[in-house]
Structure formats: C-alpha cells, structure tokens
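Participant: What follows is a single structure, and I will ask about it in a moment.
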Amino acid sequence: MTALETTLDTAVWTTVCRLDDLAPERGVAALLDGEQVALFRLLDGRVLAVQQHDPFSDAHVISRGIVGSRFVDEVEVPTVASPMYKQVFDLTTGRCLDVAGKVPARGLSPDLRTWHVRVTDGLVEVGR
C-alpha cells in the first residue's frame, strides 16, 4: 500500500455538489469546513480542487481564473491563471509555475493547497 492509498483510505469525504453543476473548464468556489476551495471540471472528465485564496493578491479569486495547460517536464498539465496578477498554477499539484514578476503577500507560500477529489454516483466529493 502506498502513502497515497493510505491517505485516501483514511480521508473524510464531503459532498460539495453534483458533477452536473460543474461546467467544463470553469471554476466554482465551495465552502468546506470554513475554508474556500476552488473546483475545476476538466474536459477529460477530471475534477480538481485547490485553495480559493490567491497568495499573491491575498484575495479569494482562484475559481474565477483562466483554465488552460502548460508543458512541465515534457508533460502537459492543467493550469489556472489567477484573475488578479496572472500567476499560473498547476491544478494537479498546486505548484506556482509562473510568478509573473510578483512575490506572495504577507510571506505566504506561492503554491496552492490541493485536495483529493472523487466522483461517486454523480456527486463530487472532496477528501480531507
């Protein structure tokens, strides 16, 4: 058993919406135990979740970002560009791929937190 399998086995899953509520390539914000999460449904059917809080603008806006993709180490990864200062984040890892000449506010990490997501019987569940 891998660490990821162990983590997923012990995760607490919370239903946040129906899959049909998520338009492909658009972000939606959800409140999960007092924390804002940005959900993205990709064209390939995956649903990914990252923190809604933009560490560069210090605003909760990531779900309003522009969805796209970039090649990282010769692998195409889904991305979101912040609607504020246009930093680009890998939606699978949360890693900031382009700081766009800025530094994060208040000494925050430039990367976004990610959550595990699964779809069960048409319902989107976020694991924590």
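In full-length UniProt numbering, the protein residues as written are 1 to 128. Built from N, CA and C at the ideal position, the CB exists for glycine as well.
1) Could you say if the stretch 39-55 and the stretch 15-29 meet the contact criterion of at least three C-beta pairs nearer than 8 Å?
2) Does the pairing of the stretch 50-64 with the stretch 99-108 give three or more beta-carbon distances under 8 Å?
3) Helix, strand or coil: how does DSSP classify Arg106 here?
4) Could you pull the DSSP bridge partners for Pro78 from this structure?
5) Consult DSSP for Arg64 and reduce its assignment to one of helix, strand or coil.
6) The beta strand (DSSP E) spanning Ala11 covers which residue range?
7) Sort Arg64, Asp90, Lys86 and Val37 by Cα distance to Glu76 and report the nearest one.
8) Assign Leu123 to one of three DSSP states: helix, strand, or coil.
9) Among Gly122, Arg113 and Asp121, which residue has its Cα nearest to the Cα of Arg128?
10) When you compare the CB positions of Val88 and Thr15, do they come within less than 9 Å of one another, or not?
11) Kindly indicate which three-state DSSP category Leu91 falls into: helix, strand or coil?
12) Is Gly65 buried or exposed, if buried means 16 or more other CB atoms sit within 10 Å of its CB?
13) On the DSSP bridge assignment, give the partners of Ala49 in chain order.
Facilitator: Considering the structure as presented:
1) Judged by Cβ distances under 8 Å, the stretch 39-55 makes contact with the stretch 15-29, as three or more pairs qualify.
2) Touching, yes.
3) Mapped onto the sequence shown, residue 106 falls at position 106. Here DSSP, grouped into helix, strand and coil, assigns Arg106 to helix.
4) The count along the sequence shown starts at 1 and reaches residue 78 at position 78. According to DSSP, Pro78 shares a beta bridge with Ser69.
5) Here the question's residue 64 lines up with position 64 in the sequence shown. Helix at Arg64.
6) Counting from one through the sequence shown, the residue named residue 11 turns up at place 11. Here Ala11 belongs to no beta strand (DSSP E), and DSSP marks it neither H nor E.
7) The residue you call residue 76 lines up with position 76 of the sequence shown. Considering only alpha carbons, the answer is Asp90.
8) By 1-based counting over the sequence shown, the position of residue 123 is 123. Three-state DSSP puts Leu123 in a strand.
9) In the sequence shown, counting from the first residue as 1, residue 128 sits at position 128. Looking at the Cα atoms, Arg113 is the closest of the given residues.
10) One-based indexing of the sequence shown puts residue 88 at position 88. One-based indexing of the sequence shown puts residue 15 at position 15. No, the pair does not count as a contact, with Cβ atoms beyond the cut-off.
11) The residue labelled residue 91 in the question sits at position 91 within the sequence shown. Leu91 falls in the coil class under three-state DSSP.
12) The residue labelled residue 65 in the question sits at position 65 within the sequence shown. Buried, by the Cβ-count rule.
13) On the sequence shown, residue 49 is found 49 positions in, with the first residue counted as 1. Looking at the DSSP assignment, Ala49 forms a beta bridge with Leu39 and Trp115.
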